[in-house]
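Residue numbers for the sequence shown follow our numbering, so the first one is 487 and each next one is one higher. Please read the structure below before turning to the comments.
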Amino acid sequence: MVREGALEAREEQALAKNGPIELYHRALERRGFKSDSSQLRAVERLQQLYEEWTAYKARRSTALKRLVVHPTLPRGVYLWGGVGRGKSFLMDSFYRCLPLVRKRRVHFHHFMRDVHRELEELKGRDDPLSALAERIAKRYRLICFDEMHVNDIADAMIVGRLLGRVMDLGVVCCMTSNYRPDDLYKDGLKRENFLPTIALLKERLDVLRVDGGVDYRQRMLEGVKVYHAPLGEQT
Numbered sequence: 487m488v489r490e491g492a493l494e495a496r497e498e499q500a501l502a503k504n505g506p507i508e509l510y511h512r513a514l515e516r517r518g519f520k521s522d523s524s525q526l527r528a529v530e531r532l533q534q535l536y537e538e539w540t541a542y543k544a545r546r547s548t549a550l551k552r553l554v555v556h557p558t559l560p561r562g563v564y565l566w567g568g569v570g571r572g573k574s575f576l577m578d579s580f581y582r583c584l585p586l587v588r589k590r591r592v593h594f595h596h597f598m599r600d601v602h603r604e605l606e607e608l609k610g611r612d613d614p615l616s617a618l619a620e621r622i623a624k625r626y627r628l629i630c631f632d633e634m635h636v637n638d639i640a641d642a643m644i645v646g647r648l649l650g651r652v653m654d655l656g657v658v659c660c661m662t663s664n665y666r667p668d669d670l671y672k673d674g675l676k677r678e679n680f681l682p683t684i685a686l687l688k689e690r691l692d693v694l695r696v697d698g699g700v701d702y703r704q705r706m707l708e709g710v711k712v713y714h715a716p717l718g719e720q721t
C-alpha cells in the first residue's frame, strides 16, 4: 500500500510542473485555509516569473543556436511583510517548481557569512568583490534569499555592490523580508552609504507586500498539542 505522504509528494510533483500557483491552492485546501488577497497577488507574480523564466530559457536556447542577441532576463521579486504571513512558503513554492539546476535557496544571514569567508580567500585580488560576484554568477542563475535583513555595517557596505554586480552578470534574485526596502538597515551606522542598495532593490526587483493580517504560523500551531515542563503552578 502506498503511504499517504508518498501520494501527496507525487501529487505535488505533478502540480509543480504547472508553476507555484497550483501548489499554493493545493496547500490551502489541504490545510483548510482560505486564500489571502495579498498572498494571491504575490503568488500570481511568482507564477508570472515562473512562466517568464520558462519562456526565457526557450528563447535563450534559440539565440545560442542562431547566434543572435540574448533575450532580456526576467525581473526578480521582493516579498515583504510581517512574521508568519507565508512569504517563505510562497518563494519556496516558486523555487521548487522552477526546472533549473543552477539555483540556490539560502537564508540571507548564511549567504553573507559565506560571502565574508570567500572574500577572505580572495584577499590580494585587485577587486575581490567583483571576483566573488563572477564566482557566484558561474554557480547560479537564480538565488532565492530568505529573510533579507541587514544590521551589520560590514554587510551594509558591501551587499549592494555585490548584488548589483551579480545581477549584472545575469543572476535573477528573489527575496523575502520582514521589512520593506526603505526600512532595511534603519538607523544603522553610516546609513547614507546604504541608500544606493535600497534604490537598487527597488529598481531591479518587483516589491510586493504580503501582509493579510493572518498569522499562518499561529494557525498551524493551533492544532498542535503543547506540553509544558517542568510542571508547576504557572504551567
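We put the beta carbon where it would ideally sit given N, CA and C, even for glycine. Nothing here was measured: the structure is a model prediction, and the numbers come from that model.
When the beta-carbon positions are compared, residue 628 and residue 658 come within less than 8 Å of each other.
Exclusion of the five residues before and after residue 527 leaves 694 as the residues of its chain whose Cβ lies within less than 7 Å of its Cβ. Annotation: residue 602 to residue 619 spans about 12 Å, alpha carbon to alpha carbon. Close CB contacts of residue 581 within its chain, under the 6 Å cut and outside five residues either way in sequence, are with 591 and 630 (chain order). The distance from the Cβ of residue 692 to that of residue 529 is about 13 Å, inconsistent with a contact at the 8 Å cut-off. Taking a C-beta distance under 8 Å as the contact criterion, residue 634 and residue 594 qualify as a contact pair. In this structure, the straight-line span from the alpha carbon of residue 545 to that of residue 557 is close to 7 Å. Under the Cβ criterion (8 Å, minimum of three pairs), the segment 645-663 counts as touching the segment 605-623.
In the three-state scheme derived from DSSP, where H, G and I count as helix and E and B as strand, residue 673 is classed as coil. Annotated three-state conformation of residue 598 is helix, per DSSP. Counting along the chain, residue 683 sits inside no beta strand (DSSP E); it lies in the alpha helix (DSSP H) bounded by residues 681-690.
Per DSSP, reduced to three states, the secondary structure at residue 564 is strand. For residue 589, DSSP records a beta bridge to 628. Nearest neighbour of residue 642 by Cα position, chosen from 626, 673, 625 and 632, turns out to be 673. Here residue 645 is buried, its C-beta having at least 16 other C-beta atoms within 10 Å.
Taking 8 Å as the cut-off, the Cβ atoms of residue 571 and residue 668 do not count as close. Taken through DSSP and simplified to helix, strand or coil, residue 579 comes out as helix.
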